[in-house]
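Every letter in the sequence shown is one number past the one before it in this note's numbering, and letter 204, counting from 1, is 207.
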Amino acid sequence: MEGPRLPPSATAPESDDDKPDDPPSVWHRPTSSLPSLPSQDPPSHHWRNNSLNLSPLPTTTLSSLPPPDTIPELETYVVRVPRDQVYWTPPPEHAKYVEKRRKNPEKNKKKGCSKRLMWFFIILVVFGFILGAITIILHFAFNPTLPIFAVERLTAKSSNFEVMLRAENPTSNMGVRYVMKKDGVVSLTYKNKRLGSGKFPGLSQAAFGSDKVNVKLDGSTKNAAVQPRGSKQPLVMILTMELKAEYEAGPVKRNKDVAVTCDVKVKGLLDGKKVEIVSENCESEFKN
Numbered sequence: 004m005e006g007p008r009l010p011p012s013a014t015a016p017e018s019d020d021d022k023p024d025d026p027p028s029v030w031h032r033p034t035s036s037l038p039s040l041p042s043q044d045p046p047s048h049h050w051r052n053n054s055l056n057l058s059p060l061p062t063t064t065l066s067s068l069p070p071p072d073t074i075p076e077l078e079t080y081v082v083r084v085p086r087d088q089v090y091w092t093p094p095p096e097h098a099k100y101v102e103k104r105r106k107n108p109e110k111n112k113k114k115g116c117s118k119r120l121m122w123f124f125i126i127l128v129v130f131g132f133i134l135g136a137i138t139i140i141l142h143f144a145f146n147p148t149l150p151i152f153a154v155e156r157l158t159a160k161s162s163n164f165e166v167m168l169r170a171e172n173p174t175s176n177m178g179v180r181y182v183m184k185k186d187g188v189v190s191l192t193y194k195n196k197r198l199g200s201g202k203f204p205g206l207s208q209a210a211f212g213s214d215k216v217n218v219k220l221d222g223s224t225k226n227a228a229v230q231p232r233g234s235k236q237p238l239v240m241i242l243t244m245e246l247k248a249e250y251e252a253g254p255v256k257r258n259k260d261v262a263v264t265c266d267v268k269v270k271g272l273l274d275g276k277k278v279e280i281v282s283e284n285c286e287s288e289f290k291n
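Okay, here's the thing in structure tokens:
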């Protein structure tokens, strides 16, 4: 706002040349020219500084009022907040929870350890369950079947016997390899008397494989001379084998102990002629 107007001067303004060297003084309005205002209480303080005084004023003329104070300009600020940003104050129960954790650090540490142990136990149980399920599936998917043996020929010589066997692997998805057990033996007996004994040679078979194997037994027929020569009664002999079967299908392996017992009836064993096999029956059994 503009200041009070200067009183008109009777003389014309001085030119620049007539001005003295001293700086011009500030003009002051004489207080004697203002009319005296009626006494009044100061206006009550308003909550907003530098604002207009809205208190009632006595009815005076505008010319007798002092010039009003200048109103300061109000500054305006624009604050931009992203729409996806939310400002919120945590509820008081969160502060209580944090305070409890600060007061009981040992208790919180124990709770953390118990939670870790619980999760470790849960993971261990889940892992055991998965491992058990895989084991059961592999057991039923790769389950070895008992091998099948049959005696096809038997030859008696002066110091040994030769037995021709046929071995079959009925397992559809696993190959097998037959070896002798550490203390195993193949023996041929007649009336609980051993005629010969020996070792089973190694044999490998594929799934559904069928192969022949020749087994040599050291011994003689002297212990079988209990029947007169020329007798037409067949001799009943028993062939026993203790084998170890190693089944395999990729990474899956199974080891089984197999006991084989064959009942063989033959003719012509004591006459030194060609031995005739009247009947034979072999049975296999897993020992584990």
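Glycine residues also receive a C-beta, built at the ideal position from the N, C-alpha and C atoms.
- Listed as beta-bridge partners of residue 239 by DSSP are 268.
- Here residue 246 is near residue 203, since their CB atoms are less than 7 Å apart.
- Following the DSSP letters along the chain, one finds residue 170 inside the beta strand (DSSP E) bounded by residues 163 to 171.
- Between residue 199 and residue 221, the C-beta spacing is below 7 Å.
- A straight-line Cα-Cα distance of about 24 Å links residue 144 and residue 262.
- For residue 172, the number of other beta carbons within 10 angstroms of its own is at least 16, and it is reported as buried.
- Here residue 205 carries a coil assignment [DSSP, helix/strand/coil].
- Where residue 181 is concerned, the enclosing beta strand (DSSP E) starts and stops at 178 to 183.
- Within the same chain, and ignoring the five residues on either side of residue 269 in sequence, the residues whose Cβ sits closer than 8 Å to its Cβ are 157, 237, 238, 240, 278, 279, 280 and 281.
- In the displayed model, residue 76 falls within coil according to three-state DSSP, outside both helix and strand.
- Between residue 191 and residue 152, the C-beta gap is not smaller than 7 Å, which leaves the two residues out of contact.
- Distance from residue 180 to residue 215 at the Cβ level is roughly 16 Å; contact not present, criterion being Cβ atoms closer than 8 Å.
- Taking the CA atoms as reference points, residue 244 sits about 12 Å from residue 185.
- By the neighbour-count criterion, in which 16 or more other beta carbons inside 10 Å mark a residue as buried, residue 287 falls on the buried side.
- For residue 186, there is no enclosing beta strand (DSSP E), as DSSP gives it neither H nor E.
- The residues 172, 174, 175, 176, 177 and 178, in chain order, have a CB closer than 7 Å to that of residue 210 in the same chain once the five nearest residues on each side in sequence are set aside.
- Non-local beta-carbon contacts of residue 183 in its own chain, meaning distances under 6 Å to residues more than five positions away in sequence, involve 202 and 203 in chain order.
- In the same chain as residue 155, and ignoring 5 residues on each side of it, the C-beta atoms closer than 6 Å to its own belong to 167 and 169, in chain order.
- When 259, 135 and 271 are compared, the shortest CA-CA separation from residue 290 is found for 259.
- Spatial neighbours of residue 142 in its own chain (CB-CB distance under 6 Å, excluding positions within 5 residues in sequence) are not present.
- In the three-state reduction of the DSSP assignment, residue 158 falls in the strand class, which pools E and B.
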